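Worksheet: the structure to be examined is printed underneath.
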Amino acid sequence: MTTVHRARISPLLPVTEWTLDAGDLVERRGARVRRFPLSGLRRLTIADGLAQADFAKGRARIPARSFASGLKLERREDSFIALTEALAAQATAAAPQVRMGQARPQGAEMVIWTITLCGAGAVAVLGAAGLIGAWALGLALAARLVFVLILAAAVLPWIGRPGRITTN
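Pasting the structure below:
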């Protein structure tokens, strides 16, 4: 018996289908098919409606929610839970070395996105100001965005460290 879960990852992409069949996790999106043998599974993490399976030759991310029409999301937890439970059961039998657990929230990822967007915004503001000949205004506004970028970069080394309380 095969276990199937379908979800639309993006409103611009076709529906993606994950099938657990004969010791393989099969991902189909349109004409594209990827096969992941469960014997090569290294880590399986499930958290907040997202399963992430790290294989020796790739990674599969399986969301529980799907885009219905436009930007409206619909829940598909029933098939998601059935697939992840079957995946976990078959993975422990096929790959005893697999590590399973819940994913930690990645705060550093948000900071990196903030840095990236502020950098792109600074370049865009400076470019737009240069096109209209207002270099001083563009430089002043871009400098403010770069300052936010520097502050975000300064916080980055401390994110994810365990808190230590020392007493003397």
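Quick note: the sequence shown, position 76, residue 76 per this note's numbering, numbers continuous. Think of the CB as a built atom: it goes at the ideal place given N, C-alpha and C, for glycine as much as any other residue. As the structure is a computational prediction, the values presented were derived from the model and not from experiment.
Item to check | G49 - DSSP class collapsed to helix/strand/coil | outcome: Reduced to three states, the DSSP call for G49 is coil.
Checklist entry - Nearest to V26 by CA position, among T116, W113, A60, is which residue? => result Nearest Cα to V26 within the set T116, W113, A60: A60.
Item to check | DSSP state of I62 mapped onto helix, strand, coil | outcome: I62 falls in the strand class under three-state DSSP.
Checklist entry - Got a sec? Which residues, its chain only, sit under 7 Å from R35 by beta carbon, not counting five neighbours each side? => result For R35, where only same-chain residues beyond five positions count, the Cβ hits under 7 Å are D24, V26.
Checklist entry - Quick one: is P14 buried, meaning 16 or more other Cβ sit within 10 Å of its Cβ, or exposed? => result For P14, the number of other beta carbons within 10 angstroms of its own is below 16, and it is reported as exposed.
Next on the checklist: Tell me the rounded alpha-carbon separation between G127 and A136.
Outcome noted: Straight-line measurement puts the Cα of A136 at about 12 Å from the Cα of G127.
Item to check | F147 versus G133, A122, E17, residue with shortest Cα-Cα distance | outcome: With distances taken between Cα atoms, F147 lies closest to A122.
Checklist entry - What beta strand (DSSP E) runs, 3 residues minimum, are completely inside the region 7-45? => result At a cut-off of 3 residues, the continuous stretches assigned as beta strand (DSSP E) that sit fully inside the region 7-45 are 16-21, 24-29, 32-37.
Checklist entry - For L41, which of L12, V98, D21, A88 has the nearest alpha-carbon? => result When each option's Cα is compared against that of L41, the closest is V98.
Item to check | Contact between the region 65-72 and the region 111-121 (3+ Cβ pairs under 8 Å) | outcome: Output reads no: the region 111-121 does not touch the region 65-72.
Checklist entry - How many Å lie between G49 and L131 at the Cα? => result Taking the straight line from one Cα to the other gives about 45 Å.
Item to check | Proximity winner among L149, A140, A108, relative to P157 (alpha-carbon distances) | outcome: It is A108 whose Cα lies nearest to the Cα of P157.
Item to check | Option nearest A47 by Cα separation, candidates L145, P63, L20 | outcome: Per the Cα distances, P63.
Item to check | Rounded separation between A7 and R32 - CA only | outcome: The straight-line gap separating the alpha-carbon atoms of A7 and R32 is approximately 15 Å.
Item to check | Cβ-based neighbour list, T16, same chain, cut-off 8 Å, excluding 5 preceding and 5 following | outcome: Once the five neighbours on either side are set aside, the close Cβ partners of T16 are R6, A7, R8, I9, E27, R28, R29.
Next on the checklist: Here's a check: name, in chain order, each residue in its chain whose Cβ is nearer than 8 Å to the Cβ of I159, leaving out the five neighbours to either side.
Outcome noted: Excluding positions up to five away in sequence, the list reads G107, A108, V111.
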